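In my numbering, the protein residues as written are 11 to 337.
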């Protein structure tokens with residue numbers, strides 16, 4: 011309790027602030043538990059995104075470049091501000107849109123939210139640091155550490171959106187890697203059944219959606235783009251850009267070669283599936299070979315001391331009793 015009273019101001023203001031922070035913490039804990047217990051349907055969300063993408067492509071082909079009204083997170087004031095600062099058409103905006111697409115956020119609203127967060131969070135966290143550290147002095151810091159702490163908060167506000175998007179992209183890549191071998195095996199079956207490429211991708215996307223919704227989303231979007239885009243190679247290239255993964259790049263190159271040189275699709279996919287299966291086996295063997303070296307430190311820390319106590323402990327106790335008897 012003395013530590014808490016030292017961190018917060020004394021009196022009614024300090025108690026109110028402590029109660030407010032406890033209420034906020036309880037609210038976040040309740041929200042986290044609710045999100046953990048919430049059961050989501052990945053298939054429904056994937057179908058909704060694919061339908062939106064199909065509608066967008068169809069509208070672009072019919073109406074060419076007709077402007078569409080912005081909805082949801084995009085507002086007139088925010089859009090005008092970002093356009094004045096040239097944050098939606100710059101080269102950095104294109105790179106940010108590509109990173110968001112690799113994290114599974116492909117809408118225009120996601121780009122606007124990301125750019126607005128990078129623009130506003132440094133000022134918000136910097137102002138929060140000034141108020142809490144310099145003016146209210148909630149956190150007792152030395153005078154030489156107050157300004158660096160405020161600058162650290164501002165830097166965290168600038169880097170926070172990038173870190174969040176990078177973590178989402180890494181998780182999505184891992185999920186896609188897990189679902190890739192099974193999807194290729196299903197593509198081999200579909201190709202042997204005589205389905206075309208876009209039909210095979212659509213069928214595989216529906217089949218793997220319950221187990222790998224991330225990769226099913228990418229395959230379904232690629233199937234939609236194969237149908238609507240004038241160049242089929244562009245749809246496959248978009249799949250590479252959205253995932254930025256070497257296995258997906260190998261899959262796309264195989265699909266391009268089958269279309270260019272007339273190679274049987276089932277044979278090419280079977281060879282690729284065998285390569286991925288061998289690569290997965292090599293990775294499993296590598297992890298198994300690395301396991302003894304990884305288990306050395308836990309064995310030394312957690313297993314050997316209890317083992318020594320069990321084996322040597324009784325002998326040491328008998329020796330102590332024997333020495334006491336002699337004395």
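Even glycine gets a Cβ: it sits at the ideal position worked out from N, Cα and C.
These numbers come from a predicted model, not from an experiment.
Q | Beta-carbon gap between residue 201 and residue 282 smaller than 7 Å | A | On the chain shown, residue 201 is found 191 positions in, with the first residue counted as 1. On the chain shown, residue 282 is found 272 positions in, with the first residue counted as 1. Not in contact: residue 201 and residue 282 (Cβ atoms no closer than 7 Å).
Q.
Residues in the same chain with beta-carbon distance under 8 Å from residue 261, minus the five sequence neighbours each way, listed in chain order, please.
A. Position 251 of the chain shown, counted from the start, is the residue given in the question as residue 261. Closer than 8 Å at Cβ, skipping near neighbours: 190, 194, 282.
Q | the region 229-246 / the region 196-216 touching (three or more Cβ pairs under 8 Å) | A | yes
Q.
With a threshold of 7 Å on Cβ separation, who are the neighbours of residue 160 within its own chain once the five nearest residues in sequence on each side are excluded?
A. For this step, residue 160 is matched to residue 150 along the chain shown. Counting only Cβ-Cβ distances below 7 Å, and skipping sequence neighbours, we find 136, 139, 140, 143.
(Q) Please report the straight-line C-alpha distance between residue 111 and residue 251, rounded to a whole angstrom. (A) Within the chain shown, the letter at position 101 stands for residue 111. Within the chain shown, the letter at position 241 stands for residue 251. For residue 111 and residue 251, the distance between alpha carbons rounds to 8 Å.
Q) So, residue 208 versus residue 237, is the Cβ gap smaller than 7 Å? A) Walking along the chain shown from the start, residue 208 turns up at place 198. Walking along the chain shown from the start, residue 237 turns up at place 227. Cβ distance < 7 Å, so residue 208 and residue 237 count as in contact.
Q) Using 8 Å as the Cβ pair cut-off and three pairs as the minimum, do the region 161-170 and the region 122-131 touch? A) yes
Q: For residue 212, count neighbouring Cβ atoms within 10 angstroms of its own Cβ and tell me buried if that reaches 16, exposed if not.
A: The residue you call residue 212 lines up with position 202 of the chain shown. Residue 212 is buried by the Cβ-count criterion.
**Q.** Test item: CB-CB of residue 185 and residue 224 under 7 Å
**A.** On the chain shown, residue 185 is found 175 positions in, with the first residue counted as 1. On the chain shown, residue 224 is found 214 positions in, with the first residue counted as 1. Closer than 7 Å, so yes.
Q. Which residues mark the beginning and the end of the alpha helix (DSSP H) in which residue 101 is found?
A. Start at 1 with the first residue of the chain shown, and residue 101 comes out as number 91. From DSSP, the alpha helix (DSSP H) with residue 101 extends over 101-112.
Q) Exposed or buried, residue 235, counting other C-beta atoms within 10 Å across all chains shown (16 or more means buried)? A) The residue given as residue 235 occupies position 225 in the chain shown. Answer is buried; the Cβ neighbour count reaches 16.
Q.
Quick check on residue 274: buried or exposed, where buried means 16 or more other Cβ atoms within 10 Å of its Cβ?
A. Counted from its first residue, the chain shown places residue 274 at position 264. Its Cβ having fewer than 16 others within 10 Å, residue 274 is exposed.
Q | DSSP-derived helix/strand/coil call for residue 74 | A | Indexing the chain shown from 1 puts residue 74 at position 64. Confidence is the limiting factor: at residue 74 the pLDDT is only 46, short of 50, which leaves the residue's position unreliable, though a coordinate-based value still follows. If DSSP states are grouped into helix, strand and coil, residue 74 belongs with coil.
Q: Would you mind working out which of 42, 32, 113 sits nearest residue 177, comparing C-alpha positions?
A: In the chain shown, counting from the first residue as 1, residue 177 sits at position 167. Ranking 42, 32, 113 by Cα distance to residue 177 puts 113 first.
(Q) Between the alpha carbons of residue 269 and residue 203, how many angstroms are there, rounded? (A) Along the chain shown, read from residue 1 onward, the residue named residue 269 stands at position 259. Along the chain shown, read from residue 1 onward, the residue named residue 203 stands at position 193. So the two alpha carbons sit approximately 17 Å from each other.
**Q.** C-alpha gap between residue 287 and residue 248, whole angstroms
**A.** Translated into the one-based positions of the chain shown, residue 287 becomes position 277. Translated into the one-based positions of the chain shown, residue 248 becomes position 238. So the two alpha carbons sit approximately 25 Å from each other.
Q.
I need the DSSP call for residue 212, collapsed to helix, strand or coil.
A. Translated into the one-based positions of the chain shown, residue 212 becomes position 202. In this structure, residue 212 counts as helix in the three-state DSSP scheme.
**Q.** Selected residue, minimal CA-CA separation from residue 285, among 258, 272, 41
**A.** Here residue 285 refers to the residue found at position 275 when the chain shown is read from its first residue. The residue with the shortest Cα to Cα distance from residue 285 is 258.
Q. Just how far apart, CA to CA, sit residue 122 and residue 109?
A. Counted from its first residue, the chain shown places residue 122 at position 112. Counted from its first residue, the chain shown places residue 109 at position 99. Roughly 13 Å separates the two Cα atoms.
Q: Drop a sphere of 10 angstroms on the beta-carbon of residue 132, count the other beta-carbons inside from all chains shown, and report buried for 16 or more, exposed for fewer.
A: Within the chain shown, residue 132 is the residue found at index 122, counting from 1. Buried.
**Q.** Cβ distance (whole Å) where residue 239 is taken to contact residue 245 below 8 Å
**A.** The residue labelled residue 239 in the question sits at position 229 within the chain shown. The residue labelled residue 245 in the question sits at position 235 within the chain shown. That pair is a contact at about 5 Å.
**Q.** Distance, residue 31 Cα to residue 17 Cα
**A.** Reading the chain shown from its first residue, position 7 is the one you call residue 17. Reading the chain shown from its first residue, position 21 is the one you call residue 31. Low confidence applies to residue 17: its pLDDT is 45, below 50, so where it sits in the model is not reliable, and the reading given next is rough at best. One C-alpha to the other measures close to 13 Å.
Q) Which residues mark the beginning and the end of the alpha helix (DSSP H) in which residue 290 is found? A) The residue labelled residue 290 in the question sits at position 280 within the chain shown. Its alpha helix (DSSP H) spans residues 275-308.
Q: Kindly indicate which three-state DSSP category residue 255 falls into: helix, strand or coil?
A: Here residue 255 refers to the residue found at position 245 when the chain shown is read from its first residue. Residue 255: coil per DSSP, three-state reduction.
Q. If you draw a straight line from the C-alpha of residue 115 to the C-alpha of residue 105, how long is it?
A. Position 105 of the chain shown holds residue 115. Position 95 of the chain shown holds residue 105. Cα to Cα, the separation comes out at about 13 Å.
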